[in-house]
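Sequential numbering from 401 applies to the sequence shown in the numbering used here. Even for Gly, the Cβ is constructed at its ideal location relative to N, Cα and C.
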Amino acid sequence: GEPGLPFDISNRVGRNSEEARLRIDSSGLARGVYELNLLAGELGGTGGCPAESDDPDYSGVARSVRVRLVVNTEADAEMTEFFTPDANSNLSYPVLGSSYHGLQILARDLDGLIVTTEPTDSFSVRLYKSGFASAISSCVVTAPITSVNNDPYYQVDCAIPLVEVSGFWQLTVSVKNTPAFTTNVAVLCRRGTYMDPADELCKPCLRNALCEYDGLTLGTIQLQDGYWRQSQKTTNI
Numbered sequence: 401g402e403p404g405l406p407f408d409i410s411n412r413v414g415r416n417s418e419e420a421r422l423r424i425d426s427s428g429l430a431r432g433v434y435e436l437n438l439l440a441g442e443l444g445g446t447g448g449c450p451a452e453s454d455d456p457d458y459s460g461v462a463r464s465v466r467v468r469l470v471v472n473t474e475a476d477a478e479m480t481e482f483f484t485p486d487a488n489s490n491l492s493y494p495v496l497g498s499s500y501h502g503l504q505i506l507a508r509d510l511d512g513l514i515v516t517t518e519p520t521d522s523f524s525v526r527l528y529k530s531g532f533a534s535a536i537s538s539c540v541v542t543a544p545i546t547s548v549n550n551d552p553y554y555q556v557d558c559a560i561p562l563v564e565v566s567g568f569w570q571l572t573v574s575v576k577n578t579p580a581f582t583t584n585v586a587v588l589c590r591r592g593t594y595m596d597p598a599d600e601l602c603k604p605c606l607r608n609a610l611c612e613y614d615g616l617t618l619g620t621i622q623l624q625d626g627y628w629r630q631s632q633k634t635t636n637i
């Protein structure tokens with residue numbers, strides 16, 4: 401019914417019933433504590449079992465029932481939003497042996513309302529390189545501490561192991577065991593190494609070459625003065 405207006409459930413309750421069940425549609429109902437006041441009407445009167453009862457509660461006086469409703473929300477896999485940095489951000493390109501901080505989660509419930517009280521273990525995050533058992537990051541989700549467009553979000557931090565394989569790793573998120581988001585993250589080789597495009601493995605810098613920066617590939621390594629190679633695809637210097 402409309403807030404503040406009475407509604408009749410007498411046709412749903414038998415004369416001798418002591419229980420009435422109400423179904424409340426919470427769609428669109430914001431979080432909070434609500435009180436529902438039900439006027440039971442006169443329990444006494446002429447005729448009927450209540451008036452003939454010896455129970456002093458059946459006094460013929462109108463009685464009311466107050467119901468306290470506590471409304472909570474939980475994150476929904478389909479409605480929850482996920483934010484990753486654009487291609488120009490340094491957060492988009494983590495390095496082997498470092499941490500990835502490039503994912504934020506804006507939890508929303510089924511009605512689209514923002515959720516800030518969802519337990520962090522409701523979110524399962526994996527960052528891994530398919531086909532490599534050792535290339536699996538340990539990811540931690542922390543409760544909302546800052547904002548995306550003034551909205552609180554959950555922060556995801558993944559510790560990337562110092563392994564040999566770079567390239568695109570897969571980032572997946574499940575909300576309450578329901579798959580919700582997936583993307584690719586470009587993981588770079590550390591300085592002193594370069595990525596071989598043939599197998600995406602990080603290999604020690606070539607002799608007489610310079611590998612002074614993170615994220616170098618066979619095609620982008622520089623040579624020491626006085627050395628050359630026929631093409632950027634060869635390891636012969």
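Distance check for residue j and residue i, CA to CA, integer angstroms please.
{"i": "residue 436", "j": "residue 466", "result": "6 Å"}
{"i": "residue 448", "j": "residue 433", "result": "Note that residue 448 scores a pLDDT of 42, beneath 50, so its modelled location is shaky and nothing firm can be said."}
{"i": "residue 633", "j": "residue 587", "result": "21 Å"}
{"i": "residue 505", "j": "residue 592", "result": "34 Å"}
{"i": "residue 482", "j": "residue 553", "result": "9 Å"}
{"i": "residue 635", "j": "residue 585", "result": "27 Å"}
{"i": "residue 512", "j": "residue 621", "result": "48 Å"}
{"i": "residue 491", "j": "residue 507", "result": "21 Å"}
{"i": "residue 538", "j": "residue 630", "result": "42 Å"}
{"i": "residue 509", "j": "residue 479", "result": "6 Å"}
{"i": "residue 555", "j": "residue 499", "result": "13 Å"}
{"i": "residue 442", "j": "residue 468", "result": "The pLDDT assigned to residue 442 is 45, lower than 50, so where the model puts this residue is not dependable; a value taken from the coordinates is nonetheless given after this. Each residue's alpha carbon lies about 22 Å from the other."}
{"i": "residue 534", "j": "residue 489", "result": "27 Å"}
Return the Cβ separation of residue i and residue j in integer angstroms, given the expectation that the two are a contact with Cβ distance under 8 Å.
{"i": "residue 503", "j": "residue 484", "result": "6 Å"}
{"i": "residue 582", "j": "residue 515", "result": "Contact doesn't hold; Cβ gap of about 21 Å is too wide."}
{"i": "residue 557", "j": "residue 501", "result": "6 Å"}
{"i": "residue 523", "j": "residue 540", "result": "In fact, because the Cβ distance is near 10 Å, the residues do not count as touching under 8 Å."}
With a CB to CB cut of under 8 Å and the five nearest residues on each side skipped, what residues in its chain are close to residue i?
{"i": "residue 497", "result": "560, 561, 562, 590"}
{"i": "residue 577", "result": "524"}
Do residue i and residue j have their C-beta atoms closer together than 8 Å?
{"i": "residue 477", "j": "residue 543", "result": "no"}
{"i": "residue 605", "j": "residue 613", "result": "no"}
{"i": "residue 475", "j": "residue 575", "result": "yes"}
{"i": "residue 618", "j": "residue 597", "result": "yes"}
{"i": "residue 566", "j": "residue 518", "result": "no"}
{"i": "residue 564", "j": "residue 611", "result": "no"}
Keeping to the same chain, check which residues put their C-beta closer than 7 Å to that of residue i; ignore five residues upstream and five downstream.
{"i": "residue 608", "result": "623, 624, 627, 637"}
Who are the Cβ neighbours of residue i in its own chain at under 6 Å, not counting the five residues just before and after it?
{"i": "residue 536", "result": "528"}
{"i": "residue 493", "result": "586, 588"}
{"i": "residue 495", "result": "588, 590, 614"}
Mind checking whether the beta-carbon of residue i lies closer than 7 Å to any heavy atom of the ligand NAP?
{"i": "residue 619", "result": "Looking for the ligand NAP in the displayed structure turns up nothing, as the structure carries no ligands at all."}
Check: Contact between the stretch 522-535 and the stretch 561-576: three or more CB pairs below 8 Å?
Finding: Enough Cβ pairs lie closer than 8 Å, so yes.
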